[in-house]
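Undergrad:
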Amino acid sequence: MFSNASNFVHGVDNAFLFILGVSLFFLVALTALMIYFVIRYSRKRHPHAVQIKDNTALEITWITIPMILVLIMFYMGWEGFLPMRQAPKDAMRVVAIGKMWKWEFQYPGNKFADTLLLPINKPVKIDLFSPDVLHGFSVPSFRIKEDVVPGKNNYSWFIPGEIGEYDLFCTVYCGVSHSYMHGIIKIVKQEDYDKWIAAIPVRKALPSNNGFKVLEKNGCVACHSIDGSKSVGPTFKGIYGTSVDVTIDGKPQKVTVDDKYIKSSIYDPNKEVVTGYVPGMMKSYKDIIKENEVKEISDYLKTLK
Amino acid sequence: MSNGVGKVEYVSYLEHKGKYTGIMSWLTTMDHKRISLMYMYGVMTFFFVGVVLGLTMKVEHLTPGETIMKAQTYNGVFTVHGIIMIFMVVIPGLSAVFGNFFLPILIGGKDVSFPKLNLFSWYLYITGSILAVVSQFMKAGPPDSGWTFYAPYSSSTGTSVIMATTAAFILGFSSILTGLNFIVTVHRMRAPGMKFFNMPLFPWSLYATAWIQLLATPVIGITLVMLIAERLFKIGFFDPALGGDPILFQHLFWIYSHPAVYVMILPAMGAITEIIPTFCQKKIYGYKAIALSSLAIAGVGFLVWGHHMYTSGMSENARWFFSLLTFIVAVPSAIKVFNWILTMYKGSIDLKPPFLYALSFIFLFIIGGTTGLLLGSVATNVQVHDTAFVVAHFHYIIFGGMGFAFFAAIHYWLPKMYGRMYNIKIANIAAVINFIGFNILYFPQFVIGMQGMPRRYYDYPAEFQPAQIFSSIGGFILAFGLVMMVWNLVKGARSGEKAPDNPWGGSTLEWTLPSPPSLENFDEAPVIKENPYDYK
């Protein structure tokens, strides 16, 4: 509590301690009172109940005091929160791309990194971008959390105040590897940042192949890698023309990956599932990916040797 | 049949001979009491399915990484656990089970207003429940969207989301029709002389709940239909790839699902309000305040849904507005707690199982409620939103609140429902085990949630393991206590000692009837008291 990891820690922790303190007071006081009554007025000690009349003054008191307390809580919460939505205009900008199931950071000048490395004491505004489903950009140590919403602009900002490494979690459920969508935020000295960013190559434009564009647009490459690495679905690399083991209605069979199989895998993905992969992970893209686009995908896969 | 003239021979509703006998006499019954029992058997069955799913998650979390299942299985398990517990256990819970049985009796009526509709609601409940269970075994795999069905994940995952949402849709109609039935019952079926402010407080809470069911549930119905249409016909409501808005789904979902929390908790508060005066032999303190706070909670509860969405990127103005209203809705709940505790003052307290559960309820509800304040404040929400803290808060309210109130209610009313008594000593021991197990299970979740452990995580950083193990142990203690409790209740209902008409010395109308009551409840017009809790 009350670290200097970001400029929001104090505001959030103040509200937290106040609410927690009031809550604990009421929990302890009410529980103690309850236990006292149960013992003091047990039927053995107190065989005849004494009826008491409602007391308007008492009732007004216990409406007014909680009302005042919760309004203070509301105000402290608001005060701690408001700065989170007032990013300075001159803040450095980084785009955080949350996609199934990794974080990627785009720095000015089309430079990309898997770690969010930032200089200390410099305000940074993080634009949140998702190409697929909802994700959550959450850094508990910084007391920040904003959802990454596809098709909407959302952002977070902060001033890092301590050198170190911090966890970045995805907090909005996003599918099978949700709990592995973890990132690292590294806060370093300005000169270390300058050296680091200078060493990152500028990313060249993505392959301009039409088939690849279709794959990218529909999020296919989130689960099917194009570089041979293992992921949720089989990799696309070198798959065209090979023979794969599939399970059809529970029975193992062999099929050759050709145009027909690719089309069927896109339109009816649960029919012929490659053995070892879980059915139901992929929806049908019928009516979303058009027939001519399927052809373009096939042509592109042929080139992935 | 009686017209209130002359004595009728007493036959309990359990032994009443109608057109059919055996199982058919239940499946075709229009008696609110039999329908109540049928709901209860459904709810208890699904509750144990949900408990088993919950325990498998606790076992999975004993170690980071894979313990007993793969990530996709885990995601299916937490989704199905949520769907079963929310839509099939907690929402029908107190209102369909004890509401059906005791609402007509407590207001001096012979049945609900629409007995056929009541039976139809039960069939909808069973149909929806069966569909939900079947969706787990479909070829495409169990739904894996979480019970919240957030788009666009829910509109793009390949699992059987359509089946699960159809189930929730049908279950929603069961809830709407029950709500409608109860509203009309309260207005039309009160015995002569029973004014609104002569009603006991359980009917009051059911009345407030019924309005929420009637007005809010259609919103989730249409939302789920929109989601299904998006999946089937590619109509872009929520998925940005089709031109939709994912935040719209969240708004529509929570416009129902936040008030739904009050559908769960209001009848629970109502049941507790019946139990406390009986075991203290005292008039409830602040009758009017409790009655009106039910309506206040139901009313303001409609306007706070946005507090589930502080981080969704909605505007700053929406955030402070929802936060302010959220804090205001906390006050009527606090008033009820003060009233319950003050009712004990100078009472004559008999520490029987229903009262023990009621005390546990108050304690757990205070924790659940005050941790809700941390979630309702926009600054601290940032720290704990979407973490294990929410999971703990939610379970303290729903399980510690609604669940323990259900246990209190079943221990309170079982002698009336079955005419037999369970073993009090075993019930007390089970209550203590449940209370301890519950706190060990869920309290650590607050701690790791504050430290940042996100919810719905199959795997987790190793530093959270000690708390996870602690929590899992609590899970098993609680499960043991639950089995003990249910075993004792079942044994009591089947072969326990014969229960007297008024075993606890209660003052409300149900205790003037024989245990179990006859088919039409009141053979003579009931005597209506000025104040239903007039202990001397």
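Residue numbers (our numbering), protein chains in the order written: chain A, 1 to 305; chain B, 306 to 841. Just so it is clear, CB atoms sit at the ideal spot from N, CA and C, and this is done for glycine as well.
1. Please name the residue, chosen from 815(B), 414(B), 764(B), that lies closest to residue 373(B) on a Cα-to-Cα basis.
2. Can you pull the DSSP bridge partners for residue 247(A)?
3. Can you find a CB in chain A that lies within less than 8 Å of the CB of residue 626(B)?
4. Within 10 angstroms of the Cβ of residue 308(B), are there 16 or more other Cβ atoms? Answer buried if so, exposed if not.
5. Should residue 550(B) be labelled buried (16 or more other beta-carbon atoms within 10 Å of its own) or exposed?
6. With 16 as the cutoff for other CB atoms within 10 Å, does residue 563(B) come out buried or exposed?
7. State yes or no: is the beta carbon of residue 103(A) nearer than 8 Å to at least one beta carbon in chain B?
8. If we ignore side chains and look at the alpha-carbon of each, how far apart do residue 696(B) and residue 256(A) end up?
9. Kindly indicate which three-state DSSP category residue 291(A) falls into: helix, strand or coil?
10. Using only the alpha-carbon positions, how far apart do residue 63(A) and residue 37(A) sit?
11. What does DSSP give as the partner residue(s) for residue 5(A) in the beta ladder?
12. Under a Cβ-count criterion, where at least 16 other Cβ atoms within 10 Å of its own Cβ denotes burial, should residue 510(B) be classed as buried or exposed?
13. Measuring only between beta-carbons, confirm whether residue 469(B) sits less than 8 Å from chain A.
14. Among all the DSSP beta bridges, which residues are the ones paired with residue 692(B)?
15. If I follow the unbroken alpha helix (DSSP H) through residue 568(B), where does it start and stop?
16. Does residue 775(B) have its Cβ less than 8 Å from a Cβ in chain A?
17. From which residue to which residue does the beta strand (DSSP E) around residue 94(A) run?
18. Just to make sure I have the definition right: I need the residues of chain A whose C-beta is within less than 7 Å of the C-beta of residue 761(B). Which are they?
19. Using DSSP with H/G/I as helix, E/B as strand and the rest coil, what is residue 482(B)?
20. For residue 790(B), which residues in the same chain have their Cβ closer than 6 Å to its Cβ, ignoring the five residues on either side in sequence?
21. In three-state DSSP terms, what is residue 89(A)?
22. Please go through the same chain and pick out, in chain order, the residues whose beta-carbon is closer than 6 Å to the beta-carbon of residue 306(B), but skip the five residues on each side of it.
23. What residue does the beta strand (DSSP E) around residue 138(A) start on, and which one ends it?
24. Can you tell me whether residue 707(B) is buried or exposed, with buried defined as 16 or more other CB within 10 angstroms of its CB?
25. How do the region 479 to 494 of chain B and the region 570 to 583 of chain B stand: do at least 3 beta-carbon pairs fall below 8 Å, yes or no?
26. Where does the unbroken beta strand (DSSP E) through residue 600(B) begin, and where does it stop?
27. Can you tell me where the alpha helix (DSSP H) with residue 347(B) in it begins and where it stops?
28. Around the C-beta of residue 32(A), are 16 or more other C-beta atoms found within 10 angstroms, so that it is buried, or is it exposed?
29. In chain order, what residues of the same chain lie with their CB nearer than 7 Å to the CB of residue 758(B), ignoring the 5 residues before and after it?
30. Count the other CB atoms within 10 Å of the CB of residue 492(B); is the residue buried (16 or more) or exposed (fewer)?
31. Using a Cβ-Cβ cut-off of 8 Å (strictly less than) and excluding sequence neighbours within five positions of residue 815(B), which residues of its own chain qualify?
32. So the candidates are 371(B), 676(B), 748(B), 431(B); which of them puts its Cα closest to the Cα of residue 350(B)?
33. Let's test the definition: count the other Cβ atoms within 10 Å of the Cβ of residue 2(A) and tell me whether it reaches 16, buried, or not, exposed.
34. Counting only beta-carbon separations shorter than 8 Å, does residue 127(A) have a partner in chain B?
35. Of all the options 494(B), 818(B), 824(B), 415(B), which has the alpha carbon lying nearest to the alpha carbon of residue 330(B)?
36. Residue 314(B) touches chain A at which residues, Cβ-Cβ below 9 Å?
TA: On the basis of the data shown:
1. 764(B)
2. Its beta-bridge partners are 252(A), 273(A).
3. no
4. Note that residue 308(B) has pLDDT 47, beneath the 50 cutoff, so the model's placement of it is unreliable and the number below is only indicative. Exposed, by the Cβ-count rule.
5. buried
6. buried
7. no
8. 47 Å
9. The answer is helix: DSSP assigns residue 291(A) an H, G or I state.
10. 22 Å
11. For residue 5(A), which the question treats as bridged, DSSP gives no partner whatsoever.
12. buried
13. no
14. 759(B)
15. 551 to 585
16. Not one chain A Cβ lies under 8 Å of residue 775(B).
17. 92 to 99
18. Against chain A, the beta carbon of residue 761(B) has neighbours under 7 Å at 173, 178, listed in chain order.
19. helix
20. 735
21. coil
22. Any answer about residue 306(B) is weak, because its pLDDT of 41 lies below 50 and its placement is not dependable; what the coordinates show is given next. If we look at residue 306(B) and ignore the five residues flanking it on each side, it has no Cβ neighbours.
23. 135 to 139
24. buried
25. no
26. Where residue 600(B) is concerned, there is no enclosing beta strand (DSSP E), although the alpha helix (DSSP H) it sits in stretches over 592 to 605.
27. Per DSSP, the continuous alpha helix (DSSP H) segment holding residue 347(B) begins and ends at 337 to 365.
28. Per the 10 Å Cβ criterion, exposed.
29. 692, 693, 765, 769
30. exposed
31. 407, 410, 411, 718, 721, 822
32. 431(B)
33. exposed
34. no
35. Residue 824(B) holds the alpha-carbon nearest to the alpha-carbon of residue 330(B) among 494(B), 818(B), 824(B), 415(B).
36. The premise fails here: residue 314(B) is roughly 37 Å from chain A at the closest Cβ pair, so nothing lies under 9 Å.
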